[in-house]
Structures are given as C-alpha cells and as structure tokens.
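Residue numbers (this note's numbering): -17 to 276.
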C-alpha cells in the first residue's frame, strides 16, 4: 500500500475544503469495502485519504416533499432494515437485502456504492428504476443529477474531484405503483449477478393501463442501463404476454455485456430479456394488487 496523508474532517465543510485543496490527488473513504482492496492492490495511489467517518449528518433518512432523502453514509444494512423504507419504498429494502453478505452490508455505504460506479451492483439498478437523483456538493455549492445521467462509463461518473456525493433523493411511489428487483445469481451470494433488472410500473386502476414505466438493467453494460425504448412500448398498454415478449426483446437489444466467468455475452443478453419480462410482469401485478404504493 502506498503512503498517503490520512485526514478525518469533523464537518462536511471541512471535507469539501480538503477536496478543493487536494483535488484529483485525494480519495474519499466511507465504508471502504471496495477502496481498501484497490489501495492494497495499488490500483489507486492517492496523496491524501479523506475519511468521512465523523460526518454524522450524512447517515440519516428523511421524508421530504414527496421524496426520501438518503444520507450518503447510510450503510446497506441500515436501508435494508429501515421501517420507513420498508413501509414506503419496500423494493429498496428488498434490493439492499440481496447485496453480497451481511458483513459487507454492515460496512458498504449508499453513497460509496454510487460513487464507485461498478455496473454490477444491485442498488444502482433499483435506484435508477425509481427515478432517483444524487446531490453533489462542493465548496462552491451543490447540484442534483438524475441517476441515469450520473454514470458516464465503466467505473466513471460526472462527480468532479472537488465534489462529494452527499444525498440520494428517491421519489416516493404514488398509489397503484409496483416495483421489483430481480437478479440471476448462479454462483455464491457474495458474487455479482449475471444480470439484474428493476422495473417500476404505475397503472390507471380503472383501466389497468400503464401510465408510467421505468426499467433498468445491471451487469449487462459498462454502466447500469435505462431501457427507455422498452419502457415506451409499455406506456398506454395493458399487461399481456405479447407485450412482455416485445418489451423483453427490445430491452435485450439495448445491452452490451461482456463474456466472463458468469456467462457469455450472448447468454447474458438472452437472460436480460428473460428477466425484463419477469420483472415487468411482477411489478405490474404489484401495481394491480393494491392501491397502496409498493
């Protein structure tokens, strides 16, 4: 491991000042589940390591103006067991429960996973399907970025060297909305999925017609993918087997997977279509089942 200057700011303002001072020479550490490995392997060699462990203002959950604000330092486990999230956005709790092992979930943070931008992670897919935004702060101010505009490439985002991801803003589902996250995991629980798919559907209860649909896919591209063309097919339609086949086929064509130990590119592409169909059907059924948001 390369020598570095270790800093533990007490406030967000101090952390932002350090980021402005060190710029690209600094790395931010929260849970450290990914960064510590990268440091040990010398994949990154920062001049300064800025720890966020003392910034307690970033580890809470707050309902605000029709949204849930998730502090970036919330652990995956905290999201998984939150009574508020289980009641208002249960698909988030379901998704975070599927991440790796309990040991990892106790350490990994919401903001750290997003900033790391590994396209194989589960939560990124569900958050994208839910229409989440991230808040990025710097010494000069803050900005909000929709999650489907946040990722720019493999392990790359729009986050600038002087910025800190502070919050995730998740719209609260309205009535007659259903959401689900599904993944195909042929290996061990702590491995990445071959494919992960999240779907969100809002219907008109009087007609059963889809009023809104969002579909996101993971592990099948250099970033988490939003399946906009597939979503458009579902809008204004009722649930049918033919519609599911059409949506799955279009979503499948949007993928760009690689061949690795979890499957060939062709296999992953095929499974993406299968899991889009399954996720869309289950989300649709959830929206039909109750007037409560799910």
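Virtual Cβ for every residue (Gly too), placed ideally from N, Cα, C.
Counting only residues of its own chain and dropping the five nearest sequence neighbours on each side, residue 120 has a CB closer than 8 Å to the CB of -2, 1, 2, 142, 144, 145, 146. Contact annotation: residue 244 and residue 174 have beta-carbon atoms nearer than 8 Å.
Residue environment for residue 211: exposed (fewer than 16 other C-beta atoms within 10 angstroms of its C-beta). Per the Cβ contact rule, the region 23 to 36 is not in contact with the region 97 to 110 (fewer than 3 Cβ pairs under 8 Å). Rounded to whole angstroms, the Cβ separation of residue 184 and residue 272 is 13 Å, and the two are not in contact under 8 Å. Two segments are said to touch when three or more pairs of C-beta atoms, one from each, lie closer than 8 Å; by this definition the region 105 to 115 does not touch the region 215 to 235. A straight line joining the alpha-carbon of residue 232 with that of residue 242 spans about 23 Å. The beta strand (DSSP E) runs of length 3 or more contained entirely in the region 58 to 138 are, from start to end of the chain, 115 to 120, 123 to 128, 133 to 135.
Annotation: residue 7 to residue 92 spans about 23 Å, alpha carbon to alpha carbon.
Under the three-state reduction of DSSP, residue 53 is assigned to strand.
Distance from the Cα of residue 163 is smallest, within the candidate group 81, 31, 11, for 81.
Taken through DSSP and simplified to helix, strand or coil, residue 43 comes out as strand.
In this structure, residue 57 places its C-beta atom within 8 Å of the C-beta atom of residue 87. Between residue 150 and residue 54, the gap from beta carbon to beta carbon is short of 8 Å. The count of Cβ pairs closer than 8 Å, one atom from the region 164 to 173 and one from the region 14 to 31, stays below three, leaving the stretches out of contact. Residue 71 is positioned such that its CB atom lies closer than 8 Å to that of residue 155. A Cβ-Cβ contact shorter than 8 Å links residue 199 with residue 177. At a cut-off of 3 residues, the continuous stretches assigned as beta strand (DSSP E) that sit fully inside the region 152 to 196 are 159 to 166, 177 to 185.
Rounded to whole angstroms, the gap between the alpha carbons of residue 207 and residue 181 is 12 Å. When DSSP states are grouped into helix, strand and coil, residue 30 belongs to the strand group.
In this structure, DSSP gives residue 147 an extended state, which the three-state scheme calls strand. Where residue 19 is concerned, the enclosing alpha helix (DSSP H) starts and stops at 17 to 22. In the DSSP annotation of this structure, the continuous segment of the beta strand (DSSP E) that includes residue 8 starts and ends at 8 to 11.
When beta bridges are read from the DSSP output, residue 207 appears opposite 199. Put simply, of 237, 252, 262, 204 the residue whose alpha carbon is nearest the alpha carbon of residue 196 is 262. Under the 10 Å beta carbon count, residue 90 is surrounded by 16 or more other beta carbons and is classified as buried. Residue 38 sits in a helix when the DSSP states are folded into three classes. Per the coordinates, the alpha-carbon of residue 188 lies some 15 Å from the alpha-carbon of residue 194.
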